[in-house]
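Residue numbers (this note's numbering), protein chains in the order written: chain L, 935 to 1295; chain B, 52 to 318.
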């Protein structure tokens, strides 16, 4: 089963979508973007709720464009579940015309046995989404679309259902398009992530590729990367580049890793945006980091914030360049972080990603 | 007028009391004439008058014509209501305006308008009369007049009922392999049902009470409102009471239906 979107375009009065090209095999493609970026439009087009102005959508080689919803064999889980309020959970799951055995099987899989005879208004948000998922799976769809099914749930339930979805998706053998505006959900559930903005796909790749090697500033920012600095290439060797950022110099790893965005062609003197994902940065005691290895920078803590499980710490290394990263509480305590204290910032060369200036949007 | 002295000593109007008095007077204005109507005629007089053939015939004509009107208004009104609720085109505003027009038009004007199309000297009227179905001074004429003024209630109320059904429920049903008709039958109609029933009940009540357009189009066979008018003109108010009481009873029953099986749009 492969879902293929080719040169898909549509437009509304104030919104242009596309052209979008995507291929989803038996995997989960998480579509990540801010509200109004066209995520839901993408799902509507695949589901058949709206028709494109041009382009094609094929599922296993069969063209879907022009076919009505009911003839597409594409299952959709709506944001609020869209359960039929006048039917019990059991009737909802059985709606596609499946037998009792299948309903029982799905109820067991999604832990719904206790709520099958209740009506949707009496179910909790998490239960509603489970019923919606069971109802969609009951129809045995050839592709599965999910429109932010976790967005209206409380954090603990969201986390638990996210884990369950991860296991469920692994057991499915169909293309899954999962739309979300939450980077954590996208990286947790997506085999690959597609970042969308203003109706176009900015970047597609594995979660680590998208997080560590964003192709532009928007992708970097939207995946939680605040560490974006203007820099200039000062030296290049066959193995790496040196980039001047403020008062500091950063060394990159072998350029092969970053060929995709044209780093190979970066000459000495080129302007670049330096991107370092916060998760790749380590903080250390400035005294212990004497020899430090590559890219050991010393700076001053300018602010920190307790975010529940982690501390968010910003360390300025001079000339307004401040690296932000998260540290676990034990590390935070061990380092004795406080505003104004000195800290070493360790940036592995392979975490230093360069975005060439022309790619800037 | 109720007033209250504040701590500051400034006397201010107690607006809640004022509102209650104003509202109470209005309710009294509705109830008093109805109560007075029922007190104006003795039960014996009512029963004997209701036994007269002219009254029985008027009641039959009214019930029959209002029933046919309701069926027609529903059959033609529901598809239009659904289209108005779901279509995303600027034409819906214009069409809705046209649908509401009979509601704001004086009924007699409605009758005049209809006469210009189906009157005895018009093309349609002559053709229908030649075919043996005269459109004026006939049951068909009564139904035409009632449909003109009553069917908008079905369209407007059902439109609101359809709009209250979340469109994503229809998409969900269809993505589960059910076609448009199965989706309408299983999802849309059951959920919009109470609202639609309210529209149908309102249309029936309006059709039963229709007078102005009916007078213009079809004085005969007499409906109950026409019978009341004729009795009032020929024999005075007393002879109009029993028919009026019958009409009030039918209207109250319609309201009861509205409040029990249907969703009263104004509750």
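From the three backbone atoms N, C-alpha and C, an ideal C-beta is built for every residue, glycine too.
All values derive from a computational prediction rather than experimental measurement.
Any chain C beta carbon closer than 8 Å to residue i
{"i": "residue 228 (chain B)", "result": "Structure shown: chain C not included; protein chains present are L and B."}
C-beta atoms of residue i and residue j nearer than 8 Å
{"i": "residue 956 (chain L)", "j": "residue 982 (chain L)", "result": "no"}
{"i": "residue 209 (chain B)", "j": "residue 129 (chain B)", "result": "yes"}
{"i": "residue 1384 (chain L)", "j": "residue 1049 (chain L)", "result": "The structure shown has nothing for residue 1384 (chain L), since chain L only spans 935 to 1295."}
{"i": "residue 192 (chain B)", "j": "residue 269 (chain B)", "result": "yes"}
{"i": "residue 952 (chain L)", "j": "residue 989 (chain L)", "result": "yes"}
{"i": "residue 259 (chain B)", "j": "residue 113 (chain B)", "result": "yes"}
{"i": "residue 1215 (chain L)", "j": "residue 1183 (chain L)", "result": "no"}
{"i": "residue 213 (chain B)", "j": "residue 273 (chain B)", "result": "no"}
{"i": "residue 1230 (chain L)", "j": "residue 1278 (chain L)", "result": "yes"}
{"i": "residue 1017 (chain L)", "j": "residue 1054 (chain L)", "result": "yes"}
{"i": "residue 1162 (chain L)", "j": "residue 1209 (chain L)", "result": "yes"}
{"i": "residue 205 (chain B)", "j": "residue 124 (chain B)", "result": "yes"}
{"i": "residue 244 (chain B)", "j": "residue 215 (chain B)", "result": "no"}
{"i": "residue 1106 (chain L)", "j": "residue 1095 (chain L)", "result": "no"}
{"i": "residue 1040 (chain L)", "j": "residue 1072 (chain L)", "result": "yes"}
{"i": "residue 1146 (chain L)", "j": "residue 1253 (chain L)", "result": "no"}
{"i": "residue 1301 (chain L)", "j": "residue 1067 (chain L)", "result": "Chain L is shown only over 935 to 1295; residue 1301 (chain L) falls outside these bounds and no answer can be derived."}
Inter-residue spacing [alpha-carbon to alpha-carbon] between residue i and residue j
{"i": "residue 1007 (chain L)", "j": "residue 239 (chain B)", "result": "21 Å"}
{"i": "residue 1217 (chain L)", "j": "residue 1240 (chain L)", "result": "16 Å"}
{"i": "residue 289 (chain B)", "j": "residue 153 (chain B)", "result": "32 Å"}
{"i": "residue 223 (chain B)", "j": "residue 147 (chain B)", "result": "28 Å"}
{"i": "residue 181 (chain B)", "j": "residue 264 (chain B)", "result": "23 Å"}
{"i": "residue 1205 (chain L)", "j": "residue 1085 (chain L)", "result": "39 Å"}
{"i": "residue 1226 (chain L)", "j": "residue 1233 (chain L)", "result": "Residue placement at residue 1226 (chain L) is flagged as unreliable, the pLDDT there being 48, under the threshold of 50; the coordinate-derived value follows with that caveat. If you take the alpha carbons of residue 1226 (chain L) and residue 1233 (chain L), they lie about 13 Å apart."}
{"i": "residue 1097 (chain L)", "j": "residue 1123 (chain L)", "result": "8 Å"}
{"i": "residue 1069 (chain L)", "j": "residue 1156 (chain L)", "result": "33 Å"}
{"i": "residue 186 (chain B)", "j": "residue 174 (chain B)", "result": "11 Å"}
{"i": "residue 280 (chain B)", "j": "residue 291 (chain B)", "result": "7 Å"}
{"i": "residue 229 (chain B)", "j": "residue 1004 (chain L)", "result": "6 Å"}
{"i": "residue 1288 (chain L)", "j": "residue 1175 (chain L)", "result": "10 Å"}
{"i": "residue 1185 (chain L)", "j": "residue 1228 (chain L)", "result": "7 Å"}
{"i": "residue 1144 (chain L)", "j": "residue 1128 (chain L)", "result": "9 Å"}
{"i": "residue 94 (chain B)", "j": "residue 110 (chain B)", "result": "18 Å"}
{"i": "residue 945 (chain L)", "j": "residue 271 (chain B)", "result": "58 Å"}
{"i": "residue 1131 (chain L)", "j": "residue 1140 (chain L)", "result": "18 Å"}
{"i": "residue 102 (chain B)", "j": "residue 302 (chain B)", "result": "20 Å"}
{"i": "residue 145 (chain B)", "j": "residue 139 (chain B)", "result": "13 Å"}
{"i": "residue 1246 (chain L)", "j": "residue 1237 (chain L)", "result": "8 Å"}
{"i": "residue 242 (chain B)", "j": "residue 991 (chain L)", "result": "33 Å"}
{"i": "residue 1262 (chain L)", "j": "residue 1271 (chain L)", "result": "12 Å"}
{"i": "residue 74 (chain B)", "j": "residue 1009 (chain L)", "result": "54 Å"}
Same chain only: Cβ atoms within 7 Å of residue i, ignoring 5 sequence neighbours per side
{"i": "residue 267 (chain B)", "result": "159, 162, 163 and 166"}
{"i": "residue 203 (chain B)", "result": "150, 151, 153 and 154"}
{"i": "residue 959 (chain L)", "result": "936 and 1109"}
{"i": "residue 1159 (chain L)", "result": "1148, 1209, 1211 and 1212"}
{"i": "residue 1283 (chain L)", "result": "1174, 1185, 1186, 1187, 1228 and 1229"}
Per DSSP, the bridge partner or partners of residue i
{"i": "residue 1297 (chain L)", "result": "The requested residue 1297 (chain L) does not occur in the structure, where chain L is confined to residues 935 to 1295."}
{"i": "residue 951 (chain L)", "result": "L:944"}
{"i": "residue 1053 (chain L)", "result": "BP columns for residue 1053 (chain L) are empty, so no partner."}
{"i": "residue 996 (chain L)", "result": "L:993"}
{"i": "residue 1081 (chain L)", "result": "L:1113"}
{"i": "residue 1010 (chain L)", "result": "L:1079"}
{"i": "residue 1144 (chain L)", "result": "Answer by DSSP bridge pairing: none, since residue 1144 (chain L) is not bridged."}
{"i": "residue 1230 (chain L)", "result": "L:1280"}
{"i": "residue 1245 (chain L)", "result": "L:1240 and L:1261"}
{"i": "residue 1128 (chain L)", "result": "L:965 and L:1138"}
Cβ-heavy atom distance, residue i to the ligand ADP, below 7 Å
{"i": "residue 1242 (chain L)", "result": "This structure lacks the ligand ADP, and indeed carries no ligand of any kind."}
Residues of its chain near residue i, where Cβ-Cβ distance is below 6 Å and the 5 sequence neighbours each way are ignored
{"i": "residue 149 (chain B)", "result": "none"}
{"i": "residue 262 (chain B)", "result": "276"}
{"i": "residue 300 (chain B)", "result": "none"}
{"i": "residue 319 (chain B)", "result": "This structure gives no information on residue 319 (chain B), because the portion of chain B shown stretches from 52 to 318."}
{"i": "residue 993 (chain L)", "result": "937, 1076 and 1077"}
{"i": "residue 1064 (chain L)", "result": "1044 and 1046"}
{"i": "residue 1125 (chain L)", "result": "961 and 962"}
Cut-off 8 Å between Cβ atoms - residues of its own chain near residue i, not counting five sequence neighbours on either side
{"i": "residue 978 (chain L)", "result": "984"}
{"i": "residue 1265 (chain L)", "result": "1217"}
- Item | Selection of the stretch 211 to 222 of chain B by Cβ proximity to chain L, strictly under 8 Å | 217, 219, 220 and 222
- What are the residues of the stretch 1056 to 1075 of chain L that lie near chain B, defined by any Cβ-Cβ distance shorter than 9 Å? 1066, 1069, 1070, 1072, 1073 and 1075
- Under 8 Å (Cβ pairs) to chain B, residues found in the stretch 968 to 1002 of chain L: 981, 982, 983 and 1002
- Message: Please list, in chain order, the residues of the stretch 236 to 255 of chain B that have any C-beta partner in chain L closer than 7 Å.
- Response: Listed by position along the chain: 238, 241 and 242.
- Message: So if I threshold CB-CB distances at 8 Å, which residues from the stretch 99 to 110 of chain B count as touching chain L?
- Response: Those residues of the stretch 99 to 110 of chain B placed with their C-beta closer than 8 Å to a C-beta in chain L do not exist.
- Taking only beta carbons into account, state which residues of the stretch 1134 to 1151 of chain L come closer than 7 Å to chain B, listed in chain order. none
- Check distances from the C-beta atoms of the stretch 132 to 164 of chain B to those of chain L and list, in chain order, the residues that come in under 7 Å. none
- Message: Tell me which residues of the stretch 1026 to 1050 of chain L have at least one Cβ-Cβ distance to chain B shorter than 7 Å, keeping chain order.
- Response: 1029 and 1030
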